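Asks: Before anything else, here's the structure in question.
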Amino acid sequence: MKDIPEDIIVRAANGDLRAFEEIYRLSCGFVFSVALRVTNNHADAQEVTQDVFLKIHRKLKGFRFLSSFKTWIYRVTVNTAINKYKSAVKQTAKRVDFDSVINVTAARDIMEESIDKEYAQAAVSGLLEMLNPDQRACLVLREVHGLSYAEISEAMKININTVRSRLKRARLALMEHKKKR
Amino acid sequence: MKCKRVKDLLLTDFIDGQLDEALRQEVDVHLKMCKKCGQFEQELRHSAIEPLAELKEIEPPDSVWQGIKEALYEQNEGITFAKAAAVLRGYLDRFFSLPRPAFAFITVLAVFLVISGSMNLWSLRSRRLINAYVQEQMEFFEGLDTDNEDSLMTNNDNLEEAIEKYFL
Numbered sequence: 007m008k009d010i011p012e013d014i015i016v017r018a019a020n021g022d023l024r025a026f027e028e029i030y031r032l033s034c035g036f037v038f039s040v041a042l043r044v045t046n047n048h049a050d051a052q053e054v055t056q057d058v059f060l061k062i063h064r065k066l067k068g069f070r071f072l073s074s075f076k077t078w079i080y081r082v083t084v085n086t087a088i089n090k091y092k093s094a095v096k097q098t099a100k101r102v103d104f105d106s107v108i109n110v111t112a113a114r115d116i117m118e119e120s121i122d123k124e125y126a127q128a129a130v131s132g133l134l135e136m137l138n139p140d141q142r143a144c145l146v147l148r149e150v151h152g153l154s155y156a157e158i159s160e161a162m163k164i165n166i167n168t169v170r171s172r173l174k175r176a177r178l179a180l181m182e183h184k185k186k187r
Numbered sequence: 002m003k004c005k006r007v008k009d010l011l012l013t014d015f016i017d018g019q020l021d022e023a024l025r026q027e028v029d030v031h032l033k034m035c036k037k038c039g040q041f042e043q044e045l046r047h048s049a050i051e052p053l054a055e056l057k058e059i060e061p062p063d064s065v066w067q068g069i070k071e072a073l074y075e076q077n078e079g080i081t082f083a084k085a086a087a088v089l090r091g092y093l094d095r096f097f098s099l100p101r102p103a104f105a106f107i108t109v110l111a112v113f114l115v116i117s118g119s120m121n122l123w124s125l126r127s128r129r130l131i132n133a134y135v136q137e138q139m140e141f142f143e144g145l146d147t148d149n150e151d152s153l154m155t156n157n158d159n160l161e162e163a164i165e166k167y168f169l
């Protein structure tokens, strides 16, 4: 995620919608990607993204710059995405399995090159779906967005050793899955 | 270094580049000498690291920003309405928190003002109607009787007298 200049944050906090839109443009890719990987659902990811930015807008005035603005966005994003996933699971009590993700993706009418890309994306989505949302969030923040252990620890408000533990379990689960296939 | 420790480090700090230089070199040396650990590292990269390298940051569709803007506008309208309601409530709270005698006096005064105002308006309206009617009648009578020496007075103050004279 790109750095957001402090003056833009201050202007947005004072009600400047253009400045807030600037914040959105600089961080929406991160927020949406994390939301998508954690919820594994486009509609939920869009809803999470909207919720995250509305929360940010509401609380912007009270932001005291005691921690990094980026870290704050990470935290709000991860919490909102995990909560959304958990409530979706409760409602449906149904898990998408790896093969059904592939089938759904393959059924779409898109260009060949895009089909390959989509297949790869869907394959990874299927892999991530095997993990619990906390492990998934840790892995995505580390592998996709390159956050350090300290940043992940701050974003998820967990101990740094808990970050290590979740990453370790997530990777072992993926290795086990690969061995079975 | 024991294989269990190396595997732990492989699954976390080593693969994520979080190890300090000295420790990283120790792991490197172990991997060169230990076939099992070397194989473990290959499997880890193949099954858990490389697949995720395909994942890139994805931009949300434009509809997401539209939805956020709409929600913000609705929030602002709600805030404006809520502010107005809060101000009115403030006035009402202050009014109803007055001591009883003052509250009673203000209420009675308000009722009195409303009633007297209504009555004034009504009598003013009635007077206007009457004056308009009389004016009409005077013009009518003037038109009827042009030979009469005792013609109707145009002055409103002798009106009654003039009408009486005409009919007698």
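Taken in sequence, the protein lines are chains E and H.
Once you know that position 176 of the first sequence is 182 in my numbering, the rest is easy, because the numbers rise by one and skip nothing.
Once you know that position 116 of the second sequence is 117 in my numbering, the rest is easy, because the numbers rise by one and skip nothing.
All residues carry an ideal CB built from backbone N, CA and C; glycine is no exception.
In this text, all values refer to a predicted model and were calculated from it rather than measured experimentally.
(1) Do we get a CB-CB distance below 8 Å when we pair LEU178(E) with the residues of chain H?
(2) Quick one: what's got a C-beta closer than 7 Å to LYS67(E)'s C-beta in the same chain, skipping five residues either side?
(3) Could you pull out every unbroken beta strand (DSSP E) segment of at least 3 residues lying fully inside the segment 32-104 of chain E, listed in chain order?
(4) Who are the near neighbours of THR155(H) in its chain, counting only those whose CB is closer than 6 Å to its CB and skipping five residues on each side?
(5) Should LEU173(E) and CYS144(E) be called a contact, given that it needs their Cβ atoms to be closer than 8 Å?
(6) Could you tell me the distance, in whole angstroms, from the CA atom of VAL65(H) to the CA atom of PHE69(E)?
(7) Skipping 5 residues on each side, what residues in its chain have a beta carbon closer than 8 Å to that of LYS140(E)?
(8) Verify whether the separation of the beta carbon atoms of LEU56(H) and VAL37(E) is less than 8 Å.
(9) Under 8 Å, do PRO52(H) and LEU42(E) count as touching if we go by C-beta distance?
(10) By Cβ distance below 7 Å, which residues in the same chain neighbour MET136(E) in space, the five residues on each side in sequence not counted?
(11) What's the gap between the Cα of ASN121(H) and the Cα of ILE131(H)?
(12) Using only CA atoms, which one of ILE166(E), LYS186(E), ASN47(E), HIS63(E) lies nearest to ALA94(E)?
(13) Can the beta-carbon of SER32(E) be found closer than 8 Å to that of ILE69(H)?
(14) Report the three-state DSSP secondary structure of ASN165(E) (helix, strand or coil).
(15) Residue range of the alpha helix (DSSP H) that ASP140(E) falls in?
(16) Under a three-way DSSP split, which group does LEU20(H) fall into?
(17) For GLU160(E), tell me which candidate among VAL84(E), LYS96(E), ALA176(E), GLU149(E) has the shortest Cα-Cα distance.
(18) So VAL44(E) and VAL82(E) are supposed to be a Cβ contact under 8 Å. How far apart are they, rounded?
(19) Contact criterion: CB-CB distance below 8 Å. Does GLU51(H) meet it with respect to chain B?
(20) Excluding the 5 residues preceding and the 5 following PHE41(H) in the sequence, name in chain order all residues of the same chain whose CB lies nearer than 8 Å to its CB.
(21) Which residue comes first and which comes last in the alpha helix (DSSP H) that contains LEU11(H)?
(22) Return the Cβ separation of CYS38(H) and LEU45(H) in integer angstroms, given the expectation that the two are a contact with Cβ distance under 8 Å.
(23) Under 8 Å Cβ to Cβ from VAL146(E), same chain only, skipping five residues before and after it: list those, please.
(24) So the candidates are GLN97(E), GLU27(E), TYR80(E), THR98(E); which of them puts its Cα closest to the Cα of LEU73(H)?
(25) Return helix, strand or coil for LYS36(H), following the three-state DSSP convention.
(26) Just to check my reading of the structure: PRO61(H) and THR86(E) have Cβ atoms closer than 8 Å, yes? What is that Cβ distance to the nearest angstrom?
(27) When the Cα of ARG175(E) is compared with those of LEU145(H), ARG90(H), THR13(H), which residue comes out closest?
Replies: Taking the coordinates as given:
(1) yes
(2) ALA19
(3) none
(4) Here the model assigns THR155(H) a pLDDT of 49, short of 50, so the residue's position is not dependable, and the following value carries that caveat. So no residue of the chain qualifies.
(5) yes
(6) 24 Å
(7) Checking the sequence, you will find Asp at residue 140(E) rather than Lys. ILE88, MET162, ARG172.
(8) no
(9) no
(10) ALA179, HIS183
(11) 15 Å
(12) ASN47(E)
(13) It is Leu, not Ser, that sits at residue 32(E) in the sequence shown. Not a contact, by the Cβ cut-off of 8 Å.
(14) coil
(15) 139-149
(16) coil
(17) VAL84(E)
(18) 13 Å between Cβ atoms; not a contact.
(19) Structure shown: chain B not included; protein chains present are E and H.
(20) LYS8, LEU11
(21) Where LEU11(H) is concerned, there is no enclosing alpha helix (DSSP H), given that its DSSP letter is neither H nor E.
(22) Between LEU45(H) and CYS38(H) the Cβ distance is about 10 Å, and since that is not below 8 Å, they are no contact.
(23) SER39, VAL40, ARG43, VAL44, LEU134
(24) GLU27(E)
(25) helix
(26) That belief does not hold up - the Cβ atoms of PRO61(H) and THR86(E) are roughly 14 Å apart, past 8 Å.
(27) THR13(H)
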